[in-house]
Amino acid sequence: MVDLRELYQQVVLDHNRSPRNFKQLPNANRTAEGTNPLCGDQITLYLVVTNDVIEDVGFQGAGCAISQASASLMTAAVKGKTKTEADALFHAFHAMVTGGPNGAIDEKALGKLAALSGVRQFPVRVKCANLPWHTLHEALAGSGDTVSTEEGGSDTPDDPDRR
Amino acid sequence: MRQVSTPLVATRARRDVATVRQDFPVLSGTANGRPLVYLDNAATSQKPRAVIESLVRFYQTENANIHRGVHELSQRATLAYEAARAKLQRFLNAGDPHEVIFVRGATEAINLVASSFGRIRFRPGDEVVVSAMEHHSNLVPWQIACEIAGARLRVIPMSDAGELDLDALRDMLGDRTRLVAVVHVSNSLGTINPVTEIVRMAHDAGAPVLVDGAQAAPHMPIDVQELDADFYALSGHKMFGPTGIGVLYGKAKLLEAMPPYQGGGEMIRSVTFEKTTYAPLPAKFEAGTPHIAGAIGLGAAVDYLRGLSWEWIQHHEHDLLEYATEQLRFVPGLRIVGTAARKAAVISFVLEGVHAHDIGTILDQSGIAIRTGHHCTQPVMDRLGIPATARASFAFYNTREEVDALVRGVQEVRAVFG
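Chains as they are written, first to last, in the numbering used here: chain D, 68 to 230; chain A, 3 to 420.
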């Protein structure tokens with residue numbers, strides 16, 4: 068049996084209870100919405116991007132602790148980063164949560180995001196953790212579409228959701 | 003629900019549960035290394051050995067296509083398939099076996115009626131009535147049919163407790179009403195709707211009624227003639243039968259007037275390039291090779307249910323419902339969603355500060371299987387202003403000990419989230 072405390076670490080519970088950057092940004096120049104239709108997780112992401120730098124970021128949403136904490140941790144992690152740096156974080160995060168129970172964790176690159184490492188032991192929760200990141204990806208790509216966890220092949224083949 | 007409360011019956015009931023559980027191989031298994039506590043019966047029920055063995059027996063000794071072979075095996079398969087139809091006729095107390103159409107499940111049954119009946123009966127300005135607590139399967143097909151015909155969908159409202167407002171229904175019924183489609187037992191709230199009364203009201207307004215009985219069939223005896231339902235939809239897998247098989251009951255007079263739903267083999271009388279005539283009921287609505295083994299397995303499920311007593315099932319499930327309702331109320335911050343006076347053994351709940359999905363994950367670690375989410379009833383969630391619920395749904399093979407495990411699990415959720 069896996070330890071629930073690994074999934075619901077204090078950092079995760081804290082970010083779920085008091086999400087950071089939980090606000091709409093009136094001056095946002097990029098927004099995207101992400102939904103997980105199967106369980107109802109939903110987030111809207113607001114970005115102020117200038118010269119490829121994420122100057123400000125906010126989100127609003129409702130859903131499970133994993134999706135909301137992930138969104139909160141993500142906003143804190145990407146604020147002030149360039150698009151390229153944010154992409155690198157996305158890849159490191161994605162590798163962590165889809166890497167399987169014994170996958171490597173790049174704690175140096177991930178920083179506080181490593182608090183969500185427990186997700187890799189809970190395959191059905193991977194998409195909860197990934198939802199904000201896919202939404203960020205969409206917002207930065209700028210298509211303005213709603214991201215759904217049930218569409219497209221954005222998760223890698225080792226994501227059990229896609230099997 | 004009828005209740006029997008003598009101690010003698012209660013004692014026998016407990017003994018019966020232990021015996022009954024032995025009929026379901028999966029129930030002695032584990033999940034996440036803990037004894038399985040299966041409380042997701044409204045999603046799908048477990049299968050008794052008799053059903054599993056009927057599938058094996060069919061494929062090992064009788065497998066052939068039906069209604070066309072001159073050979074012995076085909077005749078045996080045909081007999082077994084039609085015997086299953088007769089069993090379902092008895093189960094529903096339908097007047098005639100030809101009124102029992104085998105389909106994939108309740109969803110297909112409803113789509114069949116929406117498509118076929120809708121094509122001949124729905125016109126611009128007509129109205130189709132559904133209720134506020136429909137599963138998407140008894141809502142979306144009507145939205146599609148209404149869109150095609152230019153008809154309007156009307157919705158019977160419900161109270162916060164999850165009971166339909168029949169006065170509102172009375173007001174909306176009229177000469178534009180072409181059909182009323184209503185769920186017998188709500189999958190997300192557990193409400194047992196007063197379908198007899200709804201049917202009577204609709205008939206007074208000249209409208210036929212489709213009853214979605216997917217969640218009723220595992221919990222109570224169904225008598226379509228007594229209900230006077232015009233259509234009744236069942237899903238085999240929710241009533242201890244295989245997946246991929248279900249039943250549409252329809253009154254012969256209505257089914258005969260309806261055009262085919264799908265074209266193909268089996269459903270024709272004669273085919274030329276100029277004109278095709280259709281087979282009589284039920285073949286008209288069973289195009290293609292059906293799920294023969296599934297129908298036989300569903301027949302076996304119905305036989306199995308006949309071997310139990312509805313009185314005992316209802317008494318036992320009512321006891322589980324009352325016990326679980328009472329025990330869960332002790333958990334701080336827990337609120338039960340769906341508090342109708344007449345309920346099947348389904349408990350939806352929310353826990354303050356904790357999303358249903360997290361409840362589901364934590365319970366799963368203790369081997370407890372529940373459903374979390376909107377339960378394919380998004381309008382119900384919107385109506386009650388909640389994103390999702392956790393739902394424990396019981397069958398006659400569940401026990402009070404499993405309720406205790408559920409309550410312990412929810413208390414653990416509370417402990418994790420503080």
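For glycine and all other residues, C-beta sits at the position ideal for the given N, C-alpha and C.
Just checking: is the beta-carbon of residue i within a distance shorter than 8 Å of some beta-carbon in chain E?
i, result
"R192 of chain D", "Looking for chain E here will not work: the only protein chains present are D and A."
Just how far apart, CA to CA, sit residue i and residue j?
i, j, result
"T274 of chain A", "I122 of chain A", "24 Å"
"P381 of chain A", "A176 of chain D", "43 Å"
"A347 of chain A", "Q413 of chain A", "21 Å"
"L236 of chain A", "L310 of chain A", "20 Å"
"S139 of chain A", "L183 of chain D", "36 Å"
"V352 of chain A", "A216 of chain A", "24 Å"
"K253 of chain A", "P284 of chain A", "11 Å"
"S139 of chain D", "I133 of chain D", "10 Å"
"H205 of chain A", "V211 of chain A", "8 Å"
"N83 of chain D", "A129 of chain D", "10 Å"
"D228 of chain D", "Q48 of chain A", "With a pLDDT of only 39 at D228 of chain D, under the threshold of 50, the placement of this residue in the model should not be trusted, and no figure is reported."
"L175 of chain A", "D225 of chain A", "25 Å"
"I103 of chain A", "W144 of chain A", "20 Å"
"M3 of chain A", "H320 of chain A", "Because M3 of chain A sits at a pLDDT of 45, beneath the cut-off of 50, its placement in the model cannot be relied upon, and the following sentence gives the value as read from the coordinates. Roughly 8 Å separates the two Cα atoms."
"L171 of chain A", "T278 of chain A", "41 Å"
"G164 of chain A", "E64 of chain A", "47 Å"
"F396 of chain A", "N43 of chain A", "6 Å"
"L232 of chain D", "G387 of chain A", "Residue 232 of chain D lies beyond the stretch modelled for chain D, which goes from 68 to 230, so this question has no answer here."
"R373 of chain A", "I146 of chain A", "28 Å"
"H204 of chain D", "A297 of chain A", "48 Å"
"P37 of chain A", "R87 of chain D", "40 Å"
"V132 of chain A", "Q127 of chain D", "33 Å"
"P93 of chain D", "G290 of chain A", "58 Å"
"R70 of chain A", "R78 of chain A", "12 Å"
Going by DSSP, what residue range makes up the alpha helix (DSSP H) through residue i?
i, result
"V233 of chain D", "This structure gives no information on residue 233 of chain D, because the portion of chain D shown stretches from 68 to 230."
"R308 of chain A", "I294 to R308"
"A183 of chain A", "Segment T179 to V185 is the beta strand (DSSP E) holding A183 of chain A; no alpha helix (DSSP H) there."
"Y325 of chain A", "W312 to L330"
"N197 of chain D", "V193 to A208"
"L180 of chain D", "Segment: none, L180 of chain D is in no alpha helix (DSSP H) and carries neither H nor E."
"D81 of chain D", "Q77 to R84"
"L112 of chain D", "Taken as a continuous stretch (DSSP letters only), L112 of chain D belongs to no alpha helix (DSSP H), being part of the beta strand (DSSP E) at D108 to T117."
"E122 of chain D", "It is not in any alpha helix (DSSP H) - E122 of chain D instead sits in the beta strand (DSSP E) that spans V120 to A129."
"T46 of chain A", "It is not in any alpha helix (DSSP H) - T46 of chain A carries neither H nor E in the DSSP assignment."
"A143 of chain D", "A132 to V145"
"A407 of chain A", "R402 to F419"
"S56 of chain A", "R51 to R59"
"R393 of chain A", "First-last for R393 of chain A: T391 to S395, but that is the beta strand (DSSP E), not the alpha helix (DSSP H)."
Taking a contact to mean a Cβ-Cβ separation below 8 Å, would you say residue i touches residue j in this structure?
i, j, result
"Q329 of chain A", "V415 of chain A", "no"
"D108 of chain D", "C195 of chain D", "yes"
"L229 of chain A", "V213 of chain A", "yes"
"N207 of chain A", "V187 of chain A", "This sequence places Ala at residue 207 of chain A; Asn is not what is there. Cβ distance not < 8 Å, so A207 of chain A and V187 of chain A don't count as in contact."
"I194 of chain A", "V182 of chain A", "no"
"Q91 of chain D", "Y113 of chain D", "yes"
"V356 of chain A", "F233 of chain A", "no"
"L250 of chain A", "V105 of chain A", "yes"
"R385 of chain A", "A134 of chain A", "yes"
Go to residue i, then tell me how far its beta strand (DSSP E) extends in each direction, as first and last residue.
i, result
"I158 of chain A", "R154 to I158"
"I338 of chain A", "L336 to V339"
Relative to the ligand COA, is the shortest distance from any of its heavy atoms to the C-beta of residue i smaller than 7 Å?
i, result
"I110 of chain D", "The ligand COA is not part of this structure, which contains no ligands at all."
Let me know the alpha helix (DSSP H) ranges lying completely inside the stretch 94 to 145 of chain A, each 4 residues or longer, listed in chain order. If you keep only unbroken alpha helix (DSSP H) runs of at least 4 residues inside the stretch 94 to 145 of chain A, you get 108 to 123.
Quick one: which residues of the stretch 166 to 200 of chain D get their C-beta closer than 9 Å to a C-beta of chain A? List them in chain order. Those residues of the stretch 166 to 200 of chain D that come within reach of chain A (Cβ to Cβ, closer than 9 Å) are F189, V191, R192 and C195.
Anything in the stretch 212 to 243 of chain A with a Cβ closer than 8 Å to a Cβ of chain D? List those residues in chain order, please. From the stretch 212 to 243 of chain A, no residue has a Cβ closer than 8 Å to chain D.
What residues from the stretch 68 to 95 of chain D come within 8 Å of chain A, judged by C-beta to C-beta, listed N to C? For the stretch 68 to 95 of chain D, which is checked against every Cβ of chain A, the residues closer than 8 Å are M68, V69, L71, R72, L74, Y75, L80 and R84.
Check distances from the C-beta atoms of the stretch 369 to 380 of chain A to those of chain D and list, in chain order, the residues that come in under 7 Å. From the stretch 369 to 380 of chain A, only T374, G375 and H376 have a Cβ closer than 7 Å to chain D.
To be precise: take each residue of the stretch 353 to 368 of chain A, compare its Cβ to all Cβ atoms of chain D, and keep it if any distance is under 8 Å. Which residues remain? So the close ones are G355, V356, H357, A358, H359, D360, T363, I364 and Q367.
Uninterrupted beta strand (DSSP E) stretches inside the stretch 161 to 225 of chain A (no shorter than 3 residues): Correct list: 179 to 185 and 211 to 214.
Only counting runs of 4 or more residues, tell me where the alpha helix (DSSP H) segments fall wholly within the stretch 237 to 299 of chain A, in order along the chain. List check, alpha helix (DSSP H) in window: 254 to 259.
Between the stretch 382 to 396 of chain A and chain D, which residues of the former have a C-beta closer than 9 Å to a C-beta of the latter? Taking 9 Å as the Cβ-Cβ cut-off against chain D, the residues of the stretch 382 to 396 of chain A that qualify are M383, P389 and A390.
If the cut-off is 9 Å on Cβ atoms, which residues from the stretch 324 to 356 of chain A count as contacting chain D, listed in chain order? Going along the stretch 324 to 356 of chain A in chain order, one finds G355 and V356 with a Cβ nearer than 9 Å to chain D.
Which residues, in order along the stretch 117 to 150 of chain D, keep a beta-carbon less than 9 Å from a beta-carbon of chain A? Of all residues in the stretch 117 to 150 of chain D, the ones placed with a Cβ closer than 9 Å to any Cβ belonging to chain A are A129, G130, C131, A132, I133, S134 and Q135, in chain order.
Length at least 4, wholly inside the stretch 347 to 372 of chain A: the alpha helix (DSSP H) runs in chain order: DSSP runs (the alpha helix (DSSP H)) wholly in the stretch 347 to 372 of chain A: 358 to 366.
Any residues in the stretch 100 to 114 of chain D with a beta carbon nearer than 7 Å to a beta carbon of chain A? Which ones, in chain order? Near chain A, meaning a CB-to-CB distance below 7 Å, the residues of the stretch 100 to 114 of chain D are L105, C106 and G107.
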